[in-house]
Amino acid sequence: MHANIFSPALCHVDLGAVRRNFSRLGAASAIMPVIKSDAYGHGLMPVADALAQSGAERFAVGTAAEGLALRAGGIGQEILLLLGAHGAEEWQAAAGNRLTPLVGSFEALDAAAAASPVRVAVKCETGMGRLGFRRDALPLLLDKLRHMPGVTPVMVLSHLSSADMPEEDAHTREQIARFEHMSAALRSVFPGISRSLANSAATLALPKARYEVCRPGLALYGGNPFAGTDRENLCPDLEWAMSVSAPVLEVHSLAAGESVSYGRAFRADRPMLVAAVGIGYATGFARALSNRAAVLVNGRRAPQVGRVCMGILMVDVTDAGPVQPGDRAWLLGGPAAKGQKAVDAQELAGLLDTIPYEVLCLMGVTNRRVYA
Ligand SMILES: *Cc1c(COP(=O)(O)O)cnc(C)c1O
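Letter by letter, the sequence shown follows residues 1 to 372 in the working numbering.
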């Protein structure tokens, strides 16, 4: 899987942390871990195996290709395809491998019927404005499903657009009410199907939205969907599972007035010691972080200085204690000295005006992963 990764940086994944986060979110039977996009960069198969050992009974991925990879890796649990199946070939593969695609349109339903027998999950649109059947499609949907004996609905779900934003509570309540209505209609015809609405934020904050199955993603990997809000202490002990380190390549002294890296965007205002570290924007450390982020060296925060390059960035190690080529610098996580705090994906996301999901995905899929 990583044959094309030549970067000397390493993405360290603590599967124990993923498992502990999983158990913090509720009973194993009530949680469907979301492991799409290579488990948010943490590695599809290793994360699935770890959570299967913790008792996970189902998984949610994005694509049929991900579902097939799980089957090839020996995962026998129920697997939902959140992006559905596309084209006759994917539908056949889904049916043949007992994968459960989402259906959110009549076109998808017809494709399912053509590939039947097949299991499906019915996606309802309740206010995300993205995928799924609208409320006014319900009568026709129920009528069609009744006449498709080979298409077995096993779950009904919808997705919340802003459960992590306390100021959007009214919208979230509205989504829950719409889901309540639509799922009840489906369950009046198919009483056995389970309901799933909650992402990480709702799993943590909205007991009413948990229904039979919750679908957390971010929280499994240690992210707090409420970071920076008054709900941030709802689950204070989530642990980040990903750390990223890169080797120090060289250490140089700079005289006052000398500049660092492209564009001379950093100039030493005093004699300094600067380390070149082997990671850059090609492997997930965004160039927009230039001159803004901290890097953990010897357990202490040191400022990143100058423009981040493709495979190198520079760190001011003047006050970092002894540093030599081969030492590891930590871009995310890593062992922090007493009184020091490691950098986490939330912090980098804040600097980049993005969300930790994006930081984890980019760093995780572009660097070689090692597991603990
Ligand atoms: C990604 C995703 C989730 C998980 O969301 P988190 O915010 O990471 O908990 C749940 N449901 C669907 C449909 C998703 O696409």
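Virtual Cβ for every residue (Gly too), placed ideally from N, Cα, C.
Val47 and Ala28 have their C-alpha atoms spaced approximately 15 Å apart. Just measuring C-alpha positions, the residue of Val343, Val370, Ala372 sitting nearest Val359 is Val343. In this structure the region 201-214 does not lie against the region 184-191, because fewer than three pairs of beta carbons, one per stretch, are closer than 8 Å. Across the structure, Val274 and Val315 are spaced so that their CA atoms are roughly 6 Å apart. With contacts defined by Cβ atoms closer than 8 Å, Val103 and Leu142 do not form a contacting pair. Using a Cβ distance threshold of 8 Å, Pro33 and Leu204 do not count as a contacting pair. By the Cβ-count criterion, Asn21 is buried, with 16 or more other Cβ atoms from all chains shown falling within 10 Å of its own Cβ. Apart from the 5 residues on each side of it in sequence, Arg19 sits with its Cβ closer than 6 Å to the Cβ of Ala50, Ser54 in its chain, given in chain order. For Leu44, the distance from the CB to the nearest heavy atom of ligand 1 is not below 7 Å.
The alpha-carbon separation between Lys123 and Ala112 amounts to approximately 14 Å. For Gly217, the Cβ falls inside the 7 Å cut-off from some heavy atom of ligand 1. When distances are taken from the beta-carbon of Asn199 to the heavy atoms of ligand 1, the shortest one is below 7 Å. A buried status is given to His159, since no fewer than 16 other beta-carbon atoms sit within 10 Å of its beta-carbon. The three-state reading of DSSP puts His86 in coil, since its state is none of H, G, I, E or B. Taking 4 residues as the minimum length, the alpha helix (DSSP H) runs contained wholly in the region 187-274 are 200-205, in order along the chain. Minimum Cα-Cα distance from Ser37 among the listed residues Glu66, Asp327, Ile31, Glu250 corresponds to Glu66. Closest in alpha carbon position to Asp110, among Gly96, Gly150, Glu78, is Gly150. In the displayed model, Phe59 falls within a strand according to three-state DSSP. Contact check for Leu296 against Leu352 fails: the beta carbons are separated by 8 Å or more. Here DSSP, grouped into helix, strand and coil, assigns Phe133 to strand.
Residue pairing by DSSP places Glu180 in no beta bridge whatsoever.
For Ala268, the closest alpha carbon among the candidates Leu249, Gly132, Asn291, Val277 is that of Asn291. For the pair Met363 and His147, the Cα-to-Cα distance works out to about 47 Å. Here Thr152 carries a strand assignment [DSSP, helix/strand/coil]. Within the model, the alpha-carbon separation for Gly278 versus Arg134 is close to 50 Å.
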